[in-house]
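Take any residue in the sequence shown, note its place counting from 1, add 290, and you have its number in the numbering used here. C-beta atoms are modelled at their ideal positions from N, C-alpha and C, and glycine is treated no differently. In this text the structure is predicted, and so the values were computed from the model without any measurement. Below is one structure, written out as structure tokens; the observations come after it.
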Amino acid sequence: MLTDDLSREFTPEQRSASPARLLGHLAMTLGFTAVQVWAFFELASLHASGPVLVALVVVMAAAILVIIDAWIDIRGLASAVLRSPADSGGDRN
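Dropping the structure here:
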């Protein structure tokens, strides 16, 4: 049993992450985060009450959880990119 195998903590995409994949995820996450911040301020100006307010709170809470999960994925991809060699060629001695 391999208890210290760190590679089991990552998905195959994270184990073989490329900088381009990381940048794509980063761009999408930054865009989604910006849209959610904008939506939060727009929805805060609404004078909703009752079931409409509850629905908005639930949807925004779910969006916050998605943002947190996306940033955790970015962190995992970034650590995988930093662990992998910069070149596919590496050291050829």
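Original post:
For residue 337, which of helix, strand or coil comes out of DSSP?
Top reply: Residue 337: coil per DSSP, three-state reduction.
Subject >> Three-way DSSP call (helix, strand, coil) for residue 369 in this model >> reply: Three-state DSSP puts residue 369 in a helix.
**OP:** With a cut-off of 8 Å on the beta carbons, I'd call residue 312 and residue 368 a contact; round off their distance for me.
**Re:** Between residue 368 and residue 312 the Cβ distance is about 6 Å, and since that is below 8 Å, they are a contact.
Subject >> For residue 316 and residue 364, believed in contact at Cβ under 8 Å, the rounded distance >> reply: The distance from the Cβ of residue 364 to that of residue 316 is about 6 Å, consistent with a contact at the 8 Å cut-off.
Original post:
When the Cα atoms are used, what is the spatial distance from residue 345 to residue 333?
Top reply: Rounded to the nearest whole angstrom, the CA to CA distance from residue 345 to residue 333 is 12 Å.
Subject >> Cα-Cα separation, residue 342 to residue 366 >> reply: Rounded to whole angstroms, the gap between the alpha carbons of residue 342 and residue 366 is 36 Å.
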